[in-house]
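This report concerns only the one structure given below.
Residue numbers (this note's numbering): 83 to 427.
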């Protein structure tokens, strides 16, 4: 979408001088605004240009930086009055202050030079200190009302974005006061992992989940879930956790030889790169095409082994089924190998 200010910059600039000279003459300024608006609307409209809802106020805002300080305050009062009826007074104040900050910033550094971005905080502080007490009070009121109105929506948007892009569903903030009720900082503190879901076949073995279009963290969690489901199948204990330390140290001692590609380096899933996961998924796809189990364990931690149970650790042919020699069934009551979903948090 093109910026309307750039598209119609010629029309705006051709009337800027007359608008500035008409200070104190509200009737003349209204005529100038009407003329500018008509010319913009009569101009060949482009589908890629999105005009502001209140075009006259937007034009006033464009002329605002070119006015004298006292004139600017009068213009701000006029715009506040115009927008008060529509309930957008605080929004326009926020935008006005942003425009002022940006203008102040551009005058004091080369904004096109990325190396100078670190100077912006200091420049903004200088701008704030240059304001009169009345304007600081007005800014405070505008900020508070804007916060109350928009913060819940902004917070929801942020959480939804993190959930979609990073697999996060909980976001916590921490901050501390430095006196007089002022907050020194507020920083992200903790992000919990997204719950991922994989499917199991009729024998309780994990099936290959789709990873296309997923962020790296989600792919890592999917891989972790596959190993977790396979470990739970072997131990008959859904709550038993994969012993990643032992698995990394000696994968062939605990995993069926076909579970990972030849030469694949076992790591904690959080350390796997997209390249690692690509190798793993390609290998699992080939196993799935041959109707083989993609991951199966042959051993577990001593404390995870079911009591009074012996395992035949040989894989029978290429079948998905594994031979179980059961002396007596003492598996946990809440385990059901026919359940077709496995959840990992």
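Ideal Cβ positions, reconstructed from N, Cα and C, are used throughout, including at glycine.
(1) Would you mind giving the Cβ-Cβ distance between residue 333 and residue 342, rounded to the nearest angstrom? I have them listed as a contact below 8 Å.
(2) Exposed or buried, which one is residue 94 when buried takes at least 16 other CB atoms within 10 Å?
(3) State buried or exposed for residue 378, treating a residue as buried only when at least 16 other CB atoms are found within 10 Å of its CB.
(4) Closest to residue 47 by CA distance: which of 344, 219, 131 and 184 is it?
(5) Return yes when the Cβ of residue 322 is within less than 9 Å of the Cβ of residue 313, no when it is not.
(6) From residue 86 to residue 119, what does the alpha carbon distance come to, in whole angstroms?
(7) Rounding to the nearest angstrom, what Cα-Cα distance links residue 116 and residue 181 in this structure?
(8) Give me, in chain order, the residues of the same chain whose beta-carbon lies closer than 7 Å to that of residue 157; leave out the 5 immediate sequence neighbours on both sides.
(9) Can you tell me whether DSSP reads residue 213 as helix, strand or coil?
(10) Pick out whichever of 97, 198, 131 and 139 has its Cα sitting closest to the Cα of residue 121.
(11) Where DSSP assigns a beta bridge to residue 351, which residues make up the other side?
(12) Does the structure place the region 303-318 close enough to the region 276-293 that three or more beta carbon pairs sit under 8 Å?
(13) For the region 101-160, list the alpha helix (DSSP H) runs that are entirely contained and at least 4 residues long, ordered along the chain.
(14) On the three-pair Cβ rule with 8 Å, is the region 316-331 touching the region 361-373?
(15) Would the beta-carbon of residue 201 fall within 9 Å of that of residue 191?
(16) Quick one: Cα of residue 216 to Cα of residue 186, how far?
(17) Since residue 89 contacts residue 131 with CB under 8 Å, what's their CB separation in whole angstroms?
(18) Helix, strand or coil for residue 376, going by three-state DSSP, please let me know.
(19) How many angstroms separate the CA atom of residue 84 from the CA atom of residue 92?
(20) How many Å lie between residue 316 and residue 296 at the Cα?
(21) Quick test of your reading: residue 305 and residue 362, contact by CB under 8 Å. State the CB separation rounded to the nearest angstrom.
(22) Give the single residue among 319, 106, 344 and 197 whose Cα lies nearest to the Cα of residue 384.
(23) For residue 136 versus residue 164, is the C-beta spacing smaller than 9 Å?
(24) DSSP state of residue 279, grouped into three classes?
(25) How big is the Cα-Cα spacing for residue 266 and residue 211?
(26) To which residues of the same chain is residue 386 closer than 7 Å at the C-beta, ignoring the five residues directly before and after it?
(27) For residue 330 versus residue 349, is the C-beta distance shorter than 9 Å?
(28) Is it right to say residue 303 is buried, meaning 16 or more other beta carbons lie within 10 angstroms of its own, or is it exposed?
(29) In terms of DSSP beta bridges, what is residue 337 paired with?
(30) Could you tell me which residues DSSP pairs with residue 288 in its beta bridges?
(31) So residue 368 is in the alpha helix (DSSP H); what residue range does that whole segment cover?
Considering the structure as presented:
(1) The residue labelled residue 333 in the question sits at position 251 within the chain shown. The residue labelled residue 342 in the question sits at position 260 within the chain shown. The pair is a contact, with the Cβ atoms about 6 Å apart (cut-off 8 Å).
(2) In the chain shown, counting from the first residue as 1, residue 94 sits at position 12. The residue in question, residue 94, is buried, as its Cβ has 16 or more Cβ neighbours within 10 Å.
(3) Position 296 of the chain shown holds residue 378. Looking at its Cβ environment, which holds 16 or more other Cβ atoms inside 10 Å, residue 378 is buried.
(4) Nothing can be reported for residue 47: it is not among the residues displayed for the chain, which extend from 83 to 427.
(5) One-based indexing of the chain shown puts residue 313 at position 231. One-based indexing of the chain shown puts residue 322 at position 240. Cβ distance < 9 Å, so residue 313 and residue 322 count as in contact.
(6) Taking the first residue of the chain shown as 1, we reach residue 86 at position 4. Taking the first residue of the chain shown as 1, we reach residue 119 at position 37. Roughly 12 Å separates the two Cα atoms.
(7) Here the question's residue 116 lines up with position 34 in the chain shown. Here the question's residue 181 lines up with position 99 in the chain shown. Within the model, the alpha-carbon separation for residue 116 versus residue 181 is close to 23 Å.
(8) As a first step, residue 157 is located in the chain shown; it is residue number 75 there, counting from the start. 142, 146 and 149.
(9) Counting from 1 along the chain shown, the entry for residue 213 is found at position 131. Three-state DSSP puts residue 213 in coil, outside helix and strand.
(10) Here residue 121 is taken as the residue at index 39 of the chain shown, counted from 1. It is 97.
(11) Along the chain shown, read from residue 1 onward, the residue named residue 351 stands at position 269. Beta-bridge pairing links residue 351 to no other residue.
(12) Contact between the region 276-293 and the region 303-318 is established, with three or more Cβ pairs separated by less than 8 Å.
(13) Look at the region 101-160 and you find these whole runs of alpha helix (DSSP H), each 4 residues long or longer: 108-124 and 137-145.
(14) These segments do not touch.
(15) The residue given as residue 201 occupies position 119 in the chain shown. The residue given as residue 191 occupies position 109 in the chain shown. Contact: yes.
(16) The residue you call residue 216 lines up with position 134 of the chain shown. The residue you call residue 186 lines up with position 104 of the chain shown. Rounded to the nearest whole angstrom, the C-alpha separation of residue 216 and residue 186 is 19 Å.
(17) Here residue 89 corresponds to residue number 7 of the chain shown, with the count starting at 1. Here residue 131 corresponds to residue number 49 of the chain shown, with the count starting at 1. Their Cβ separation, rounded to whole angstroms, is 5 Å, which keeps residue 89 and residue 131 in contact under 8 Å.
(18) Mapped onto the chain shown, residue 376 falls at position 294. Correct three-state label for residue 376: coil.
(19) As a working mapping, residue 84 is identified with position 2 in the chain shown. As a working mapping, residue 92 is identified with position 10 in the chain shown. One alpha carbon belongs to residue 84, the other to residue 92, and they sit about 15 Å apart.
(20) For the purposes of this step, residue 316 is taken as the residue at position 234 of the chain shown. For the purposes of this step, residue 296 is taken as the residue at position 214 of the chain shown. Rounded to the nearest whole angstrom, the C-alpha separation of residue 316 and residue 296 is 28 Å.
(21) For the purposes of this step, residue 305 is identified with residue 223 of the chain shown, where counting begins at 1. For the purposes of this step, residue 362 is identified with residue 280 of the chain shown, where counting begins at 1. That belief holds up - the Cβ atoms of residue 305 and residue 362 are roughly 6 Å apart, short of 8 Å.
(22) Residue 384 sits at position 302 when you count from the first residue of the chain shown. Distance from the Cα of residue 384 is smallest, within the candidate group 319, 106, 344 and 197, for 319.
(23) For this step, residue 136 is matched to residue 54 along the chain shown. For this step, residue 164 is matched to residue 82 along the chain shown. Result yes, Cβ atoms of residue 136 and residue 164 sit closer than 9 Å.
(24) Position 197 of the chain shown holds residue 279. It is a strand residue.
(25) What you label residue 266 is simply residue 184 of the chain shown in a count that begins at 1. What you label residue 211 is simply residue 129 of the chain shown in a count that begins at 1. Reliability of the predicted coordinates at residue 266 is poor, the pLDDT of 44 falling under 50, and no value is obtained from them.
(26) In the chain shown, residue 386 corresponds to position 304, counting from 1. Only 317, 319 and 322 meet the Cβ criterion.
(27) Here residue 330 corresponds to residue number 248 of the chain shown, with the count starting at 1. Here residue 349 corresponds to residue number 267 of the chain shown, with the count starting at 1. Yes, Cβ-Cβ distance for residue 330 and residue 349 is below 9 Å.
(28) Position 221 of the chain shown, counting from 1, holds the residue named residue 303. It counts as buried.
(29) Mapped onto the chain shown, residue 337 falls at position 255. Answer is 379.
(30) For the purposes of this step, residue 288 is identified with residue 206 of the chain shown, where counting begins at 1. DSSP lists 282 as partners of residue 288.
(31) Working through the chain shown from its first residue, we reach residue 368 at position 286. Element bounds for residue 368: 356-371.
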